[in-house]
Each structure stands twice: as C-alpha cells, then as structure tokens.
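Counted the way my numbering counts, the sequence shown spans residues 379 to 526.
We treat Cβ as the ideally placed atom computed from N, Cα and C, and that holds for glycine.
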Amino acid sequence: MSRQSAEQIEELVAAARQVRERAYAPYSGFHVGAAVLAAGGELFVGANVENASYPVSVCAERNAVAAAVSAGVREIEAVAVVAGDEVTPPCGGCRQVLNEFGPDMLVVSESVSGDRRQWRLLELLPDAFGPRSFHPAPGSAGSPGSAG
C-alpha cells in the first residue's frame, strides 16, 4: 500500500507525536499533531490551534500543509496524524486541503496508545473536487482549439 519506506513512516509518525505536545487546545483538550512528507523528502509539522471563537481554530494537518507550502512545497506524499485515544483520520476539511497537494498520498493515523491505521487519501475522499475538476478557460493555453 505504501510507496514510503517503513523508516520514513516511523519518522513521520514520530514527528507528529512530538509536535502534538505543542498543540494549543485549552477548550476541547483534544491535542493533535500532524506531519507531512514532501515529495522532496522534507518533513513539516503542525499542531492544532484552538480559539475561543471555535470556527477560527485551525487543525494540525492544515498547519503542517501551510508550513510546507510556505517553504515552497507543492506536492505531499504522506501525512501522519496523532490525536486522542482512538485512531482519528483527518476531518473532511483537512482531507480537502490535503487533496490539493496529493490525492494519492498515504494517510497514517495513530492513537496516543499506538494503535495505527493507514489509507490512501483517495479512499478517505473518493471523487474529490480538486485541481483536476477545473477545465482550461476557452482560449487559454492547453484548451481545445487554442494555439498553445
């Protein structure tokens, strides 16, 4: 199922586990750490950051993606999430954000007790709306009938 080595996956999960300790979750107490593996092999981490105004809270996965994008990454191969007592895959919003950077990426989720599951993002977000959903605008390079 995985294109990543067992060592890479262990390193990714360890990074997510470590950054989870820095989560800011004073309201829910649900600390989440995430790590993404860029196509170039770099790791980027993020922790969830809650806010008293709940809707502006940010998930760990999105913070890890933002760190990667800020470094110039445009392709992510894998993501690891470490959360609570049960294996917790990314929420729907995070699945959509992850889809933007690698719809076939490996998703690994581990509970604090070490239970682990993994999927391909395509399994968690089938028939996703994403970059491939857009068609080139008429007359733009690559569109039917254009000179590009």
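Can you find the residues in the same chain that come closer than 6 angstroms, C-beta to C-beta, to residue i, ignoring five residues on each side of it along the sequence?
i, result
"V397", "G411, V423, A425"
"H409", "R398, A401, A403"
"V434", "none"
"V427", "Y402, V436"
"A384", "none"
Verify whether the separation of the beta carbon atoms of residue i and residue j is less than 8 angstroms.
i, j, result
"A413", "A458", "yes"
"L484", "R495", "no"
"D482", "L503", "no"
Determine the closest residue to residue i out of the options, with distance taken between C-alpha atoms.
i, options, result
"E420", "E389, L502, A430, G462", "E389"
"A461", "G471, G450, R510, A438", "A438"
"Q382", "P481, V475, L415", "L415"
"Y432", "V451, N441, S406", "S406"
"P509", "A456, R395, Q474", "Q474"
"E488", "A394, E385, A384, A506", "A394"
"C469", "V427, R440, F512, I387", "R440"
"V391", "V427, A456, G450", "A456"
Going by beta carbon distance, what residues of the same chain come within less than 7 angstroms of residue i, once the five residues before and after it are set aside?
i, result
"N429", "S435"
"C472", "C437, E439, R440"
Near residue i, which residues of its chain fall below 8 angstroms by C-beta distance, leaving aside the five closest residues on each side in sequence?
i, result
"I454", "V414, L415, A416, A417, V443, A446, L476, F479, G480, M483"
"S491", "D463"
"V465", "S487, E488, S489, D493, R494, R495"
Look up residue i in the DSSP assignment and give the residues it is bridged to.
i, result
"Y402", "V427"
"F422", "V414"
"Q496", "V486"
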